[in-house]
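What follows is the structure in C-alpha cells.
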C-alpha cells in the first residue's frame, strides 16, 4: 500500500476480537483428542516418548495458533482522507488489497448480528462498501462497531 500525495491515514481498523476467541476455542477443542490419546497411552509408552510426543503436539498447536492469529490480526481497514483500503491476508504469504475512493462510495451495507450488536463485546459485523459502479469494492468481515466505521467514512464526504 502506497499513499498518494497529500494523503494521510485517518484511522486503522482491525478485526473484532470475539470471532478470534471462537477460533481459539476451536483450536483448543481440536487439540483435546490428541492430548487425551497421549495421556490414555501414558502407561504403555516410555517416559521419553511421552514427553517427546507431548512437546510435538504442543508445538504443532502453537504453530496452528500462531498462523491463525497472524492471518486474523493482519487484516486491516485503512481510512485515509481520499480512500478506504482493505488489506485481506488469505494465507501467510498471500494478501489481497481492495480500495474504494471516498468520493465514489455510494453506499455502505452493514450485516450485523441483530440484537447481539447492542452488547459492546459482540458489536461486530460485515461492512460492504459499494461504489458508483454498483459493485462491492470492499468487503470487511468481523468489523468492530460497523456503524461507527460507516459514520467515520461518511464524515469525509
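Numbering (this note's numbering), first residue to last: 679 to 835. All residues carry an ideal CB built from backbone N, CA and C; glycine is no exception.
{"query": "For residue 758, list the residues DSSP reports as bridge partners.", "result": "687"}
{"query": "I need the straight-line Cα distance from residue 714 to residue 708, nearest angstrom please.", "result": "11 Å"}
{"query": "Quick check: what's the CA-CA separation for residue 784 versus residue 810?", "result": "6 Å"}
{"query": "Between which two residues does the beta strand (DSSP E) containing residue 844 stretch?", "result": "The chain is shown only over 679 to 835; residue 844 falls outside these bounds and no answer can be derived."}
{"query": "From this set, 771, 828, 826, 821, which residue's C-alpha is nearest residue 692's C-alpha?", "result": "821"}
{"query": "Leaving aside the five residues before and after residue 735 along the sequence, list all residues of the same chain whose C-beta is less than 6 Å from its C-beta, in chain order.", "result": "712"}
{"query": "Please report the straight-line C-alpha distance between residue 827 and residue 765, rounded to a whole angstrom.", "result": "16 Å"}
{"query": "What residue range is occupied by the uninterrupted alpha helix (DSSP H) comprising residue 826?", "result": "824-832"}
{"query": "With a threshold of 8 Å on Cβ separation, who are the neighbours of residue 690 within its own chain once the five nearest residues in sequence on each side are excluded?", "result": "754, 755, 756, 757"}
{"query": "Would you check if the distance between the CB atom of residue 799 and the CB atom of residue 696 is smaller than 8 Å?", "result": "yes"}
{"query": "Helix, strand or coil, according to DSSP, for residue 790 in the structure here?", "result": "coil"}
{"query": "First and last residue of the alpha helix (DSSP H) that includes residue 718?", "result": "695-718"}
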